[in-house]
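Engineer: Line order of the protein sequences matches chains A and B.
For any residue, its number in the numbering used here is found by taking its place in the first sequence, counting from 1, and adding 100.
For any residue, its number in the numbering used here is found by taking its place in the second sequence, counting from 1, and adding 1346.
Take a look at the following structure, please.
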Amino acid sequence: MKKHTIVALLQDRPGVLSRVIGLIRRRGYNIESLAVGHSETPGVSRITIVVESEDVEQVVKQLYRLIEVLKVSDVTDDPTVEREMTMIKLHAPPAARHEIISMCSVFGARIVDVGSNTMIIEMTGTPAKVENFIEVVRPYGIKEMMRTGRIAMVRGARGHNAGEYVEPATNGVAVPALN
Amino acid sequence: MTKPLTGAQIMCEALIREGVEVMFGIPGGAIMPFYYAMWDYRDRLRHVLCRHEQGAGHAAEGYARATGRIGVCIGTSGPGATNLVTPIADAMMDSTPLLAITGQVGSHVLGKDAFQETDITGITMPITKHNYLVKNVDELAYVFKEAIYIATTGRPGPVLIDITKDAMQKTTVPNWDIKLNLPGYKPTYQGNRRQIREAIKLLISAKKPLIIAGHGIIMSGAHRELQEFAERLRIPVVTTLHGIGSIPENHPLCIGMPGMHGWVHVNRAIQECDVLFNIGGRFDDRVTGKASTFAPHARIIHVDIDPSEIGKNVRVDVPIVGDARLVLQALLEDLPPPSELAELHTHASDWMEHIREMQDKHQGKQQYKNRAAMANMALPPHDVYEALSRTLNARGNYRVVTDVGQHQMWAAQLIDWNHGPRTHITSGGAGTMGFAVPAALGVAIACPNETVWAIVGDGGFQMTNQEMATIVQEGLKNVKVAVINNGYLGMVRQWQELFENKRYSGTPLSGPDFAKLAEAYGWKGITVERSEDVQDAIDEAHATDGPVLIDFRVEREVNVFPMVPQNKSIGEMILSETQA
Ligand SMILES: Cc1ncc(C[n+]2csc(CCOP(=O)(O)OP(=O)(O)O)c2C)c(N)n1
Ligand SMILES: [Mg+2]
């Protein structure tokens, strides 16, 4: 099955993420990564999902059925910038530190914590680069690791601006945040 | 209005503002504040106390299907809410505008496994068009308006509002000056004009064109436009199970039902046609059979209001997203003058002749009764339908609700559906046994001046027949129930007979004396065991000013034919047991 990167803009209401995930789960597709956060427009969340799917067009159409979904697109074949971030707590006794530090500078990774026998390294890059970095430091002994979901943005003028979807609420009562 | 109201009062006012007149439900702890408030509105908001929340849900569905308006059902938290799950799922599958209102435990104990707490918004997320958990009284007026708007517009569907008890009890001054904020919900009603012209071009160049009319025709009220369009182009029309009533079956262009238990000539026509124009049907697998073999020679035009239906099950050449009625109106506007349709008309009448020839060869409606095997039966089910069809068509002014199983397919096949949209109401997409009796209750309330027949199997009847009491309590005299009593979960038994070597595992079924049961509920109960008595019983039911049940003890092992075996092409129908 092909991996697809889907970008979606969602009205920020309770349960919306659960609806999106539920719809993908229903098809039995595995979500490889997921990132959620604010977009540039208040009240609109933006997510990037990486999913293995045979029929992503249908998934996209069904996501549009959800009331709070403003825009969805499969950007797999679009020109995009994609990034992931990882934090790695590495076994780093004093003798190994020098080597680790120079490795980090090659990858543009940052050392954000140093303990007596450990270091926490933060690294951001394309998914491939993050993958690569992890393999390079693995021999030192990874004690802990956390990778974020991938985030993606289409290059150039096209893309996912949320502002065009949202009218300022005139109702006064708790409109967008329904809880 | 600047008076502060309780949340529960706001709920009542909001429903009245949206034109709701009837609600079906059962009270309980968490929803009690709503029932408290309802008492003051009882002259404007009729509450029908059902005997089971599933019944309340199906009754609301019946009301909605008969009228096109929103059906409202109510349950308390926990089991009250979970009992609504089946009708909600049913409404989702059959695009029925349903509002389910459930009480929830107090917001301060939410998520703490409080008494009768269930995460009903979580449970119903995949089976609702949308749902809400409301904890704040200030949101109620807005949420009710939005919920009903969502349920009734675009592709209709069920919406659930779960309200914490304290949100119903607190007071606030409601703001009725509501502007909906739904940037992600903008249904497309007008079809794309270019695609519409493309569709016309295809249809006009066709030699064997065919229309499939689905539920969308009924829901959008497009039956007149459909008939005019078919007549102007002289294209034969197929009506799906939910499309029944789109065009009268005695109209010369109507050729009947397709699919698993559709007619041979209809399925063959689909397999032969060169342009297939589906309006408001969703190419359900019960219609298409094995999808990859469906309509192999056809270019397909598909009109649906839900873009996610287009291209879902079959490939489509001309997709048109829009409301069936508006699209048909646009099609009619753009049709060329009759002089340019002459060639199409010639082809179409040759084609129609060919279809009718196939029909004569493979199907008279009652042909499947006239098999040697059925000659000596005291009461073949077909005789019941023949009499019902004759009587209903002679009397008019009726609605029929069917349940799920053999009796449902016979009803679709054997009754002549000549009396317009919303006269045939059934559980199609979900196939929910137990639908018919409670749905008939809702239909009877919606259509007090019509006779409402529920045709139901002995299995499905025993799932929800307690609503007979509700029908009595509500004083509904226009409900008649025909139990097609074959002593089996018949449709399952049929599959076991045909494909599982008659292993009748879990299908023989006993029951009480249904006529006596009906009498116990205060109904008239009639038992019929012989064909000669069918007509008299039906006449007596009509003559009785009150609810009547007829227990038709039909021959037990009769099969529904023709039939497309599961996963086979619709071109491969079997017509009798020996072909299975
Ligand atoms: C709630 C539910 N449970 C099970 C089924 C599976 N099922 C489909 S048809 C059928 C038999 C129905 O029997 P009956 O109501 O007697 O109708 P008949 O087929 O005999 O006319 C069953 C069990 C269903 N559709 N719905
Ligand atoms: Mg039965």
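Positions of the beta carbon are idealized from the N, C-alpha and C atoms, including for glycine.
Being a predicted model, the structure only gives us computed values, none of them experimental.
N1482 of chain B and V1505 of chain B: beta carbons closer than 8 Å?
Structural biologist: Looking up residue 1482 of chain B in the second sequence gives position 136. Looking up residue 1505 of chain B in the second sequence gives position 159. No; because the gap between Cβ atoms is not below 8 Å, this pair is not in contact.
Engineer: At the level of alpha carbons, what is the spacing between M1369 of chain B and S133 of chain A?
Structural biologist: Counting from 1 along the second sequence, the entry for residue 1369 of chain B is found at position 23. Counting from 1 along the first sequence, the entry for residue 133 of chain A is found at position 33. Their Cα atoms are separated by approximately 44 Å.
Engineer: Taking the straight line between their C-alpha atoms, what separation do you get for V1621 of chain B and V1662 of chain B?
Structural biologist: For the purposes of this step, residue 1621 of chain B is identified with residue 275 of the second sequence, where counting begins at 1. For the purposes of this step, residue 1662 of chain B is identified with residue 316 of the second sequence, where counting begins at 1. If you take the alpha carbons of V1621 of chain B and V1662 of chain B, they lie about 11 Å apart.
Engineer: Can N1429 of chain B be considered in contact with ligand 1, in the sense that its beta carbon sits closer than 7 Å to one or more heavy atoms?
Structural biologist: The sequence position of residue 1429 of chain B within the second sequence is 83, counting from 1. Every heavy atom of ligand 1 is 7 Å or more from the Cβ of N1429 of chain B, so no.
Engineer: Which same chain residues end up closer than 7 Å to M253 of chain A when comparing Cβ atoms and leaving out the 5 residues on each side of it in sequence?
Structural biologist: One-based indexing of the first sequence puts residue 253 of chain A at position 153. So the list reads T180, V181 and G259, once near-sequence residues are dropped.
Engineer: How long is the line joining the alpha carbons of Q1515 of chain B and R1501 of chain B, rounded to whole angstroms?
Structural biologist: As a position in the second sequence, residue 1515 of chain B is number 169, starting the count at 1. As a position in the second sequence, residue 1501 of chain B is number 155, starting the count at 1. C-alpha of Q1515 of chain B to C-alpha of R1501 of chain B: approximately 34 Å in a straight line.
Engineer: Using the C-alpha atoms, what's the distance from H1569 of chain B back to E1878 of chain B?
Structural biologist: Working through the second sequence from its first residue, we reach residue 1878 of chain B at position 532. Working through the second sequence from its first residue, we reach residue 1569 of chain B at position 223. C-alpha separation (whole angstroms): 37 Å.
Engineer: To which residues of the same chain is T186 of chain A closer than 6 Å at the C-beta, ignoring the five residues directly before and after it?
Structural biologist: Here residue 186 of chain A is taken as the residue at index 86 of the first sequence, counted from 1. Cβ neighbours of T186 of chain A beyond the five flanking positions: M223, V230 and R247.
Engineer: How would you list, in chain order, the residues of chain A whose beta-carbon sits under 8 Å from the beta-carbon of P1472 of chain B?
Structural biologist: What you label residue 1472 of chain B is simply residue 126 of the second sequence in a count that begins at 1. Result: G122, L123 and R126.
Engineer: If we define contact as Cβ-Cβ less than 8 Å, is A269 of chain A a contact residue for chain B?
Structural biologist: Position 169 of the first sequence holds residue 269 of chain A. Low per-residue confidence applies at A269 of chain A: pLDDT is 45, beneath 50, and the placement is therefore not dependable enough to give any value.
Engineer: I want to see whether chain A comes within less than 8 Å of K1658 of chain B, judged by CB atoms only; does it?
Structural biologist: Taking the first residue of the second sequence as position 1, residue 1658 of chain B is located at position 312. Chain A, which has a Cβ nearer than 8 Å to the Cβ of K1658 of chain B, makes this yes.
Engineer: Would you mind telling me which residues of chain A sit closer than 9 Å to H1561 of chain B, beta carbon to beta carbon, in chain order?
Structural biologist: Residue mapping note: residue 1561 of chain B aligns to position 215 of the second sequence, counting from 1. Under the 9 Å cutoff, chain A gives no residues; its nearest Cβ is about 17 Å from H1561 of chain B.
Engineer: Helix, strand or coil: how does DSSP classify A1644 of chain B here?
Structural biologist: Counting from one through the second sequence, the residue named residue 1644 of chain B turns up at place 298. Of the three classes helix, strand and coil, the one that applies to A1644 of chain B here is coil, per DSSP.
Engineer: A257 of chain A by DSSP, collapsed to three states: which one?
Structural biologist: For the purposes of this step, residue 257 of chain A is identified with residue 157 of the first sequence, where counting begins at 1. If DSSP states are grouped into helix, strand and coil, A257 of chain A belongs with coil.
Engineer: Just verifying my parser: in three-state terms, what is the DSSP assignment at N1831 of chain B?
Structural biologist: Along the second sequence, read from residue 1 onward, the residue named residue 1831 of chain B stands at position 485. Correct three-state label for N1831 of chain B: strand.
Engineer: Compute the beta-carbon to beta-carbon distance between V1900 of chain B and V1730 of chain B, rounded to the nearest angstrom, for a pair I have assumed lies under 8 Å.
Structural biologist: Mapped onto the second sequence, residue 1900 of chain B falls at position 554. Mapped onto the second sequence, residue 1730 of chain B falls at position 384. The Cβ separation is near 7 Å, so the contact holds.
Engineer: Are V1829 of chain B and T1853 of chain B touching if we call contact CB-CB under 8 Å?
Structural biologist: Taking the first residue of the second sequence as 1, we reach residue 1829 of chain B at position 483. Taking the first residue of the second sequence as 1, we reach residue 1853 of chain B at position 507. It is not a contact, given that the beta carbons lie outside the stated cut-off.
Engineer: To the nearest angstrom, how far is the alpha carbon of A108 of chain A from that of W1869 of chain B?
Structural biologist: For the purposes of this step, residue 108 of chain A is identified with residue 8 of the first sequence, where counting begins at 1. For the purposes of this step, residue 1869 of chain B is identified with residue 523 of the second sequence, where counting begins at 1. Whole-angstrom Cα-Cα distance: 57 Å.
Engineer: Closer than 7 Å by C-beta to A1437 of chain B: which residues in its own chain qualify, once you throw out the five before and the five after it? Chain order, please.
Structural biologist: Locating residue 1437 of chain B in the second sequence gives position 91, where the first residue counts as 1. Here the set comprises E1407, L1444, G1503 and P1504.
Engineer: Indicate the three-state DSSP secondary structure (helix, strand or coil) for V1730 of chain B in the structure shown.
Structural biologist: Within the second sequence, residue 1730 of chain B is the residue found at index 384, counting from 1. Helix.
Engineer: When DSSP builds the beta bridges, which residues end up paired with V1825 of chain B?
Structural biologist: By 1-based counting over the second sequence, the position of residue 1825 of chain B is 479. Bridge partners of V1825 of chain B: B:V1798.
Engineer: For Y1834 of chain B, verify whether its CB is less than 7 Å away from any heavy atom of ligand 1.
Structural biologist: Position 488 of the second sequence, counted from the start, is the residue given in the question as residue 1834 of chain B. Checking every heavy atom of ligand 1 against the Cβ of Y1834 of chain B, one is found closer than 7 Å.
Engineer: Within the present structure, is the beta-carbon of T1778 of chain B separated from the nearest heavy atom of ligand 1 by less than 7 Å?
Structural biologist: Mapped onto the second sequence, residue 1778 of chain B falls at position 432. Yes, the Cβ of T1778 of chain B comes within 7 Å of a heavy atom of ligand 1.
Engineer: Using only alpha-carbon positions, find the residue among B:T1510, B:A1513, B:E1544 and B:M1565 that is nearest to A1497 of chain B.
Structural biologist: For the purposes of this step, residue 1497 of chain B is taken as the residue at position 151 of the second sequence. Considering only B:T1510, B:A1513, B:E1544 and B:M1565, the residue with the shortest C-alpha distance to A1497 of chain B is B:M1565.
Engineer: Considering only residues of the same chain and omitting the five flanking positions on each side of G1401 of chain B, which have a CB-CB separation below 6 Å?
Structural biologist: Here the question's residue 1401 of chain B lines up with position 55 in the second sequence. Cβ within range, chain order: P1784, T1810 and E1813.
Engineer: Going residue by residue through the segment 1525-1561 of chain B, where are the continuous alpha helix (DSSP H) segments of at least 4 residues, counting only ones entirely within it?
Structural biologist: 1539-1550
Engineer: What does V266 of chain A touch in chain B if you count any residue whose Cβ is under 8 Å from its own?
Structural biologist: For the purposes of this step, residue 266 of chain A is taken as the residue at position 166 of the first sequence. Simply P1529.
Engineer: Tell me Q1450 of chain B's beta-bridge partners as DSSP assigns them.
Structural biologist: As a first step, residue 1450 of chain B is located in the second sequence; it is residue number 104 there, counting from the start. Q1450 of chain B is bridged to B:T1510.
Engineer: Please list the partners that S1566 of chain B has in chain A, where partner means a Cβ-to-Cβ separation under 9 Å.
Structural biologist: Taking the second sequence and counting its residues from 1, the one referred to as residue 1566 of chain B is at position 220. Those do not exist, as S1566 of chain B stays about 18 Å from chain A at its closest Cβ, beyond 9 Å.
Engineer: Can you find a heavy atom of ligand 1 that lies under 7 Å from the Cβ of Q1752 of chain B?
Structural biologist: One-based indexing of the second sequence puts residue 1752 of chain B at position 406. Answer for Q1752 of chain B: yes, Cβ within range of ligand 1.
Engineer: For P1653 of chain B, would you say it is in contact with chain A, using Cβ-to-Cβ distances shorter than 8 Å as the test?
Structural biologist: Taking the first residue of the second sequence as 1, we reach residue 1653 of chain B at position 307. So yes, P1653 of chain B belongs to the interface.
Engineer: Does ligand 2 have a heavy atom nearer than 7 Å to the CB of G1562 of chain B?
Structural biologist: Taking the second sequence and counting its residues from 1, one reaches residue 1562 of chain B at position 216. It does not: the Cβ of G1562 of chain B is nowhere closer than 7 Å to a heavy atom of ligand 2.
Engineer: Counting only beta-carbon atoms, is T1929 of chain B nearer than 8 Å to chain A?
Structural biologist: For chain B, the structure presents residues 1347 to 1926; residue 1929 of chain B sits outside this window and is missing.
Engineer: Quick check: is any heavy atom of ligand 1 less than 7 Å from the C-beta of M1837 of chain B?
Structural biologist: Your numbering for residue 1837 of chain B matches position 491 in the second sequence. Answer for M1837 of chain B: yes, Cβ within range of ligand 1.
Engineer: Pop quiz: P1604 of chain B and V1633 of chain B are said to be a contact at Cβ under 8 Å. What is the actual Cβ separation, rounded to whole angstroms?
Structural biologist: Mapped onto the second sequence, residue 1604 of chain B falls at position 258. Mapped onto the second sequence, residue 1633 of chain B falls at position 287. P1604 of chain B to V1633 of chain B, Cβ: 6 Å. Contact.
Engineer: Given a cut-off of 8 Å on the beta-carbon distance, is the pair G1567 of chain B and I1651 of chain B in contact?
Structural biologist: If you number the second sequence from 1, residue 1567 of chain B lands on position 221. If you number the second sequence from 1, residue 1651 of chain B lands on position 305. No, Cβ-Cβ distance for G1567 of chain B and I1651 of chain B is not below 8 Å.
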